[in-house]
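Report on one structure; see the data block that follows.
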Amino acid sequence: MCDDTLSLHSVVSYTSYSNIETKFVQTSNINSVQTGASLVDEVAIDRSVPDVPADMIAIQRLHKETLQKQYEKLEVKTILIQEKVKSFQLVDLYTELTIISDVRDRELVEHELLARGRDHEEWRQKQLRGDLEKIRTDKLFHSSFSKGSHLPSSQGRSSNSRTGISAVVSGVAGIGKTTMVQKIVHDWATGKIYPHFHFVFVFKFRDLNRLHDRPTLSRLIVEQYPYLRDVLDELWKQPERLLFIFDGLDEFRARIDFGDSRRDTEPQRRCTDPEFLCDVSDIVYSLMQNKLLPGCSVLVTSRPTALQLLEKARVSVWAEILGFVGEERREYFHKFFEDQEVAAAVYSHVEENELLFTMGYNPSYCWILALSLGPFFTRKHNNKHQVPKTVTQLYSYYIYNILSHHSVKTESPRDIMLKIGEMAFTGVSKRNIVFNEENLIEYNLQPSQFLSGFLMELVERESSEHSVAYTFPHLTIQEFVAALAQFLTLNPESIQDCFYQARSKSDGRFEIFLRFIVGLSSPRAAQPLEEFLGSFVHQTTCAVIDWLKEKVKSQISDRVTITGKRKL
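Counted from 1, the sequence shown has number 232 at position 44 by the numbering used here; the numbering is strictly sequential.
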């Protein structure tokens with residue numbers, strides 16, 4: 189009953205730099221499929237793009253060189269002491285995204301994220317065989333693929349205009365949204381796409397979280413691109429030549445409600461000038477709603493769970509990234525491993541195990557699969573442990589590999605894992621995936637600990653000029669560590685408190701966490717971790733098994749409805 193097969197394939201992960209290849213899908217209104225402009229029309233449009241003013245050429249060249257340098261490399265963590273990060277040229281590893289003809293359902297609920305990979309794959313193939321049009325990312329901001337009707341006619345927009353397009357790209361965590369942004373920016377900086385945009389500005393919502401005072405849009409740009417300080421007035425004269433990219437709406441701690449009309453009526457919230465002091469949320473709102481720099485274009489990425497915030501936004505293009513198809517899963521492993529025999533063995537194991545194969549549609553899951561399974565198929569492996577066959581076992585070996593490569597000499601791994609697990613659980617309960625130094629100190633985790641030991645491999649440290657942010661490589665790793673901590677604490681009431689909190693939330697935020705709780709009650713999943721962390725608390729394991737029995741007993745009567753079957 190307590191076997192961790194219940195942890196299954198239903199996992200959600202945090203976006204990683206390892207999202208090397210993705211498939212990108214845009215859907216449009218089935219009843220009015222946009223046929224798009226012909227190739228001749230598109231070439232004519234590109235040729236008609238006004239040149240950059242002569243006095244702006246040098247500063248634009250500097251801006252492009254800066255962005256090219258920032259976005260030209262992909263970094264992949266390896267959990268090996270001698271080679272912690274592999275660095276690749278973006279152009280060498282990126283596979284062109286496929287866009288097909290609105291998001292399947294803008295009101296995606298949490299359980300949509302838990303769909304099995306095979307079902308996901310079957311759905312995609314079915315759609316690709318239908319009347320759905322493909323388009324590359326270099327056509328994302330071409331007006332033929334936007335909905336002109338979403339823009340008020342008073343703004344002078346038409347289906348033939350390429351200005352003022354707001355695009356929203358959604359996708360589950362780890363599917364490749366940030367890597368897609370990286371590719372778009374790099375291609376623009378190298379002159380491959382979007383010549384009608386003279387300047388592109390990129391912001392991460394997680395970085396914007398650090399701002400506690402009200403900035404101006406000009407200040408936001410100058411802080412990130414100081415060399416533009418003296419030319420902003422010139423840039424504002426042609427807003428239709430500007431593209432603003434905001435990555436990770438789901439990570440933004442402030443709420444942007446596009447249905448809140450007070451933003452348009454309350455003077456302190458109106459943001460119609462780049463020099464006005466405004467909340468960051470009001471700046472993003474005003475750019476998208478065409479009230480600030482009317483005519484500029486905006487791209488926002490988000491996990492599906494935050495899409496409801498955009499329901500009343502003026503969005504021209506709705507898009508969704510769906511993940512790997514077919515042979516791309518195999519290609520990922522062969523690009524990840526230098527030893528092609530290891531790559532073939534790992535992929536073969538994944539392909540033969542349905543629970544693991546269902547994870548393969550998501551690039552981030554492939555990264556976890558590669559890191560966790562790779563050591564089992566190297567010549568040095570001592571066959572001490574069996575190859576993981578369930579998702580919980582897989583994550584156990586992910587942590588096991590970190591612990592085995594990064595011993596902690598001065599502090600107890602169990603104590604540190606417990607502390608960081610408590611922080612991870614608070615994040616899961618509050619839907620927070622970005623932590624700061626204050627959060628670490630709150631749980632007696634000193635930032636200096638990230639300079640050595642396994643902690644720096646378990647949590648990524650991202651530093652900027654103004655702040656430091658800490659995140660787990662993937663949301664599922666955060667959820668797993670949160671579950672693991674429940675078996676390390678000596679407080680017998682802790683697990684009952686977890687169950688109580690899970691019952692109090694019906695939005696699915698604890699679903700994966702609970703699956704990992706159940707999986708870790710299985711000896712096979714616990715055993716490798718106990719080598720480093722000591723024995724799991726037996727009372728917790730018993731409490732989990734008792735809870736699981738009660739859940740099954742209460743749910744087994746409802747096997748008629750689809751929802752009932754899924755819950756069972």
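C-beta atoms are modelled at their ideal positions from N, C-alpha and C, and glycine is treated no differently.
Note that this is a predicted model, so its numbers are computed, not measured.
CA nearest to the CA of residue i, picked from the options
i	options	result
H573	Q715, V264, L416	Q715
G483	E428, Y259, L606	E428
L757	Y658, D401, R417, S723	With the chain covering only 189 through 756, there is no way to say anything about residue 757.
L405	V488, A246, F668, S469	S469
L396	S560, E411, T366	E411
I247	L328, Y413, Y585	Y413
Y382	T489, R394, F329, H400	F329
N589	F613, S600, R602, F564	F564
I556	F660, E681, K257, K479	F660
P241	T366, E422, R567	E422
P592	E719, F704, V669	What sits at residue 592 in the sequence shown is Ser, not Pro. Considering only alpha carbons, the answer is E719.
A494	L643, L606, F393	F393
I665	V579, P680, I629, S694	V579
S358	E508, T367, S504	E508
D461	K741, Y658, R407	R407
F698	D401, L510, D243, L663	L663
K693	S600, Q426, I750, K618	K618
Extent of the continuous beta strand (DSSP E) run through residue i
i	result
R402	That residue, R402, is in no beta strand (DSSP E); it is neither H nor E in DSSP.
S485	485-490
A657	656-659
K392	387-392
E508	505-509
E260	No beta strand (DSSP E) holds E260; DSSP gives it neither H nor E.
Cβ-heavy atom distance, residue i to the ligand SAH, below 8 Å
i	result
Q674	Among the components modelled here there is no ligand, and therefore nothing to report on the ligand SAH.
Simplified DSSP assignment, three categories, for residue i
i	result
F212	The pLDDT assigned to F212 is 36, lower than 50, so where the model puts this residue is not dependable; a value taken from the coordinates is nonetheless given after this. In the structure shown, F212 sits in a strand (DSSP, three-state: E or B).
S745	coil
V530	helix
K425	coil
A558	helix
A361	coil
V356	strand
L430	strand
D418	helix
D695	coil
I750	helix
E648	strand
Q412	helix
F565	helix
Q574	coil
D239	coil
F790	As shown, the chain starts at 189 and ends at 756. That puts residue 790 outside it, with no answer to give.
D467	coil
Q277	strand
F623	strand
D445	coil
D461	coil
Residues of its chain near residue i, where Cβ-Cβ distance is below 6 Å and the 5 sequence neighbours each way are ignored
i	result
A731	I683
S275	K261, E263
R517	G548
Check whether residue i and residue j have beta carbons under 9 Å apart
i	j	result
V538	F525	no
F391	S485	no
G609	L672	yes
Q581	G707	yes
V360	P492	yes
S474	L465	no
I587	L717	yes
M611	Y631	yes
Beta-carbon contacts of residue i that lie in its chain and below 7 Å, excluding the five residues immediately before and after
i	result
L702	A690
T728	Q674, F675, I683
E625	P635, V656
R747	K753, L756
D375	D326, I381
T566	V530
Q277	E260, K261
Run of the alpha helix (DSSP H) containing residue i, from where it starts to where it stops
i	result
A714	711-721
R602	601-618
F668	663-674
R517	516-524
L328	Looking at the DSSP string, L328 is not in any alpha helix (DSSP H), and its letter there is neither H nor E.
Q581	579-593
Contacts around residue i, its chain only, beta-carbon distance under 8 Å, and the 5 residues preceding and following it disregarded
i	result
K739	none
V725	F675, L676, T677, L678, P680
A558	Y520, F521, F524, F525, V534
Cβ of residue i within 9 Å of any chain D Cβ
i	result
G548	In the structure shown, chain D cannot be found, because there is only a single protein chain.
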